[in-house]
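First to last, the sequence lines map onto chains G and H. For the first sequence, position 214 matches number 213 in numbering that gives the first Met the number 0, and the numbering has no gaps at all. For the second sequence, position 176 matches number 175 in numbering that gives the first Met the number 0, and the numbering has no gaps at all. Every residue gets a Cβ at the ideal spot worked out from N, C-alpha and C, and that includes glycine. Quick caveat: nothing in here was measured; it's all calculated off a predicted structure. Shown next, in structure tokens, is the structure this report addresses.
Protein chains: 2
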Amino acid sequence: MTHADTTPTHAAMTGVLAPALTPFDAAGDIDQPAFEAHCRWLLDAGVGLAVFGTNSEAASLSFGERLHALEALIAAGLDPERFMPGTGTCSMRETVDLTRQALGLGIHRVLMLPPFYFPQPSEEGLLRYYSDVIERVGDERLRVYLYHIPQMTGVPITLPLIEQLRRRYPAIVCGIKDSSGDWANLEATLKAFAADGFSVFPASEALLARALPLGAAGCISATANLNPAGLARYFAALSSGSAAPDEEMALAVRRIFASLPMIPAMKYVMSRSAGADWAQLRAPLTALSDSQGDALMNSLHEVGFRLEGLSVSA
Amino acid sequence: MTHADTTPTHAAMTGVLAPALTPFDAAGDIDQPAFEAHCRWLLDAGVGLAVFGTNSEAASLSFGERLHALEALIAAGLDPERFMPGTGTCSMRETVDLTRQALGLGIHRVLMLPPFYFPQPSEEGLLRYYSDVIERVGDERLRVYLYHIPQMTGVPITLPLIEQLRRRYPAIVCGIKDSSGDWANLEATLKAFAADGFSVFPASEALLARALPLGAAGCISATANLNPAGLARYFAALSSGSAAPDEEMALAVRRIFASLPMIPAMKYVMSRSAGADWAQLRAPLTALSDSQGDALMNSLHEVGFRLEGLSVSA
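If you want it as structure tokens, here you go:
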């Protein structure tokens with residue numbers, strides 16, 4: 000470990016983060032101006048940037064694309080303190096390189112998938128994997144948020160694994176995103192670790208009202224890509240114990256998207272307001288059908304939803 | 000597509016291929032001299048090189064490591080016609096880049112995983128994925144072998160998908176490795192496509208005797224890493240309809256390794272004869288316990304197995 004003597008004290012990150020959608024241009028490349036504009040819109044609305052998450056189609060990006068896109072966002076002046084990029088891949092070496100790059104850009108919080116090719120790795124193997132990454136990155140400024148999304152990875156981040164990692168790296172392994180959608184797991188994680196300062200983020204605003212009283216740090220939610228201001232206000236209201244007028248809309252919007260393939264649905268809505276290329280997806284994802292798209296726009300119209308600061312032409 | 004007018008006619012590849020183990024040095028980097036030596040030993044024994052397969056821990060290698068290691072093997076004089084590297088990743092762009100590199104090195108056969116992060120992609124999405132790769136590679140010399148290993152990927156290569164891909168790219172999509180271990184699927188694939196020249200490779204020598212009469216092209220088997228000469232002889236005997244004195248040993252060795260974590264077990268045996276560093280694995284894989292290792296060596300000793308051309312110090 001280096002930098003032990005210069006380690007700044009980082010305030011814990013709380014609130015709502017968006018796993019920022021990644022826009023592609025007509026040639027299928029990352030549309031960096033559109034990406035930057037989307038990230039700025041999210042920041043201005045008060046949510047943080049969990050770029051390169053599942054909903055960012057991060058798995059479909061190349062190593063080089065991730066490096067260049069993150070560098071360009073920071074070069075454009077976006078605040079590194081508002082980022083939590085996904086840097087976890089199947090390869091420990093690539094995870095190290097992506098994480099080091101983030102630190103080099105002034106970003107110290109990263110969301111880290113477990114390696115997801117080999118099924119049912121042992122707890123010992125996962126402990127070694129995360130330890131290898133942390134040791135090779137070798138920077139005490141690093142803050143690792145574990146990424147529990149077993150429906151994608153087949154590799155759960157279990158409570159015993161969290162406990163071992165926290166014991167080994169109490170400052171560095173500082174939180175988790177629980178995308179399982181399993182309340183029992185979320186509750187157990189919160190009860191085991193939240194009081195101790197571990198930052199637990201469910202992946203849906205629909206769990207916020209139950210999770211915040213147990214110590215959740217906020218949420219990292221796909222739909223924060225479309226309803227960022229509403230979710231930021233909802234979180235603030237819940238946190239302060241005041242009335243939450245944004246709750247009904249937040250939950251209605253969540254229900255609408257949860258009934259569809261999430262990424263294509265979100266990109267479809269973006270394509271209707273922020274440029275047609277937003278509809279582009281990388282295979283193996285496929286676009287909504289026209290009738291699914293129409294029904295989605297109707298559903299959003301019915302609940303009175305609009306993209307604040309953008310205009311949806313439904 | 001380019002090169003249409005200069006496309007050579009490639010003989011179909013048949014026989015036994017090894018998903019070559021990837022040795023690491025004490026620092027955890029690919030041990031290129033050991034890798035080259037292992038590949039030469041496999042070639043000399045008469046098996047082809049399916050480098051960067053599952054058993055090669057390819058998922059744990061970085062994009063750059065794959066590029067450099069393959070380049071170095073060809074620069075060292077190994078015959079590109081004996082290679083079938085794995086080039087499939089979750090990212091279409093990386094898969095294109097790795098495949099193009101192979102072609103640039105004179106290797107035209109590649110084994111291609113489907114993208115394996117998003118679960119249950121649609122047939123349309125997978126068709127588009129493989130089509131995008133093939134179109135972007137844009138080289139009619141390319142020969143794609145699909146990689147069906149649903150226990151790792153969660154993404155089966157179905158018969159309807161094969162049929163559509165063959166219709167679209169009849170020369171390029173020329174074969175499959177079926178690692179499912181499911182005889183019914185292998186039989187159905189052989190019956191549907193083998194007579195038409197599609198090269199079907201089961202992933203185990205234990206299926207060869209049943210699969211060859213149905214038109215299998217050979218097998219791509221982990222244990223070809225340790226028993227290459229024996230498997231090459233076994234394949235030749237089965238193909239010519241002559242007696243197969245190597246069958247008993249081949250199947251006994253297969254049974255021994257199949258009862259253990261395959262990659263750690265194979266590397267353990269290599270470490271006993273070709274250098275201690277061979278035992279190194281990348282996380283999340285973990286080494287055999289001492290008692291597992293001892294039992295493995297005893298089992299191999301009991302059936303009289305030895306690494307031909309190397310000496311196992313059991």
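Using the Cβ count rule (16 or more neighbours within 10 Å means buried), how would you classify N224(H)? Under this definition N224(H) is a buried residue.
For a cutoff of 9 Å on Cβ pairs, would you count E139(H) as touching chain G? It does not; no Cβ of chain G falls within 9 Å.
Keeping to the same chain, check which residues put their C-beta closer than 8 Å to that of L16(H); ignore five residues upstream and five downstream. Answer for L16(H): V46, G47, L48, A49, M83, F200, G217, C218, I219, S220, A223, listed in chain order.
Could you check the C-alpha separation between G274(G) and R39(G) for me, to the nearest Å? When rounded, the separation of the alpha-carbon atoms in G274(G) and R39(G) is 16 Å.
List the endpoints of the continuous alpha helix (DSSP H) containing R271(H). Going by DSSP, R271(H) is part of no alpha helix (DSSP H) at all; its letter is neither H nor E.
Assuming S55(H) contacts L20(H) under a Cβ cut-off of 8 Å, what Cβ separation, rounded to an integer in Å, is found between them? Confirmed, Cβ separation roughly 6 Å.
Rounded to whole angstroms, what is the Cα-Cα separation between L110(G) and A57(H)? When rounded, the distance between both Cα atoms is 23 Å.
Could you tell me which chain H residues have their CB closer than 8 Å to the CB of Y267(G), listed as they occur along the chain? Under the 8 Å cutoff, chain H gives no residues; its nearest Cβ is about 16 Å from Y267(G).
Counting only Cβ pairs nearer than 8 Å, list the residues of chain G close to G153(H). Around G153(H), the beta-carbon contacts reaching into chain G at under 8 Å are G153.
Note down the Cα distance separating R209(H) from E123(G), rounded to an integer number of angstroms. Counting only the Cα atoms, E123(G) lies some 39 Å from R209(H).
If you run the structure through DSSP and keep just helix, strand and coil, what is V46(G)? Secondary structure of V46(G) (DSSP, three-state): coil.
Please state whether DSSP places S312(G) in a helix, a strand or coil. Residue placement at S312(G) is poorly supported in this model, since its pLDDT is 40, which falls under 50; the coordinates are not used for a value here.
Residues of the region 168–180 of chain G with Cβ closer than 8 Å to any Cβ of chain H, in chain order: Residues passing the 8 Å Cβ filter: none.
Where does H147(G) fall in DSSP's three states? If DSSP states are grouped into helix, strand and coil, H147(G) belongs with the strands.
Cα separation between M261(H) and I255(H)? Computed Cα separation, rounded: 9 Å.
Taking buried to mean at least 16 other C-beta atoms within 10 Å of its own C-beta, is Q279(G) buried or exposed? By the 16-neighbour rule on beta-carbons within 10 angstroms, Q279(G) is buried.
Nonlocal neighbours in the same chain, by C-beta distance under 8 Å from R99(G), ignoring five residues either side: V136, D138.
Does chain H have any CB closer than 9 Å to the CB of G47(G)? Not closer than 9 Å to any Cβ of chain H, the Cβ of G47(G) fails to qualify, so no.
Let me know if G308(G) comes out buried or exposed under the rule of 16 or more other beta-carbons within 10 Å of its beta-carbon. So G308(G) ends up on the exposed side.
Could you check what DSSP says for P201(G) in three-state terms: helix, strand or coil? Strand at P201(G).
Beta-carbon neighbours of A282(G), restricted to chain H and to distances below 7 Å: Ordered by position in chain H, the residues that pass the 7 Å Cβ test against A282(G) are M91, G124, R127, Y128, D131.
If you run the structure through DSSP and keep just helix, strand and coil, what is G174(G)? Looking at G174(G) - three-state DSSP - the assignment turns out to be strand.
Could you check how far apart the C-beta atoms of A242(G) and A249(G) are, in whole angstroms? I think they sit under 8 Å. At roughly 14 Å, the Cβ-Cβ gap does not stay under 8 Å, so A242(G) and A249(G) are not in contact.
Close Cβ partners of G229(H) (< 8 Å) along its chain, the five nearest in sequence each way excluded: Correct list, in chain order: D245, M248, A249, V252, E307.
Identity of the residue in L284(H), V132(H), G180(H) nearest P283(G) by Cα: Nearest option by C-alpha distance: V132(H).
Close Cβ partners of L207(H) (< 8 Å) along its chain, the five nearest in sequence each way excluded: Answer for L207(H): P201, A215, G217, C218, Y233, F234, L237, listed in chain order.
CA nearest to the CA of F192(H), picked from P79(H), R165(H), D43(H), D181(H): Nearest C-alpha to F192(H): R165(H).
I need the DSSP call for F62(H), collapsed to helix, strand or coil. It is helical.
Cutoff 8 Å; reference D43(G); Cβ partners in own chain excluding five residues on either side: If the five residues before and after D43(G) are omitted, its C-beta is found closer than 8 Å to the C-beta atoms of G308, all from its own chain and listed in chain order.
My understanding is that D30(G) touches P22(G), with C-beta atoms under 8 Å, so please give their C-beta distance in whole angstroms. Indeed, because the Cβ distance is near 4 Å, the residues count as touching under 8 Å.
Label P18(G) either buried or exposed according to how many other C-beta atoms from any shown protein chain fall within 10 Å of its C-beta, with 16 as the threshold for buried. Per the 10 Å Cβ criterion, buried.
Kindly indicate if chain H contains any beta-carbon less than 9 Å away from that of G27(G). By this cut-off, G27(G) is an interface position.
Extent of the continuous beta strand (DSSP E) to which V15(H) belongs: 14–17 is the extent of the beta strand (DSSP E) around V15(H).
Helix, strand or coil at V154(G) according to DSSP, with G and I counted as helix: Coil, per DSSP.
Continuous alpha helix (DSSP H) stretch holding M248(H): start and end: The continuous alpha helix (DSSP H) containing M248(H) extends over residues 246–257.
In its own chain, which residues sit with a C-beta less than 7 Å from the C-beta of R142(G), not counting the 5 before and 5 after it? Excluding five sequence positions before and after R142(G), the CB atoms of its chain that fall closer than 7 Å to its own CB belong to H9, H107, R108, I171, C173, given in chain order.
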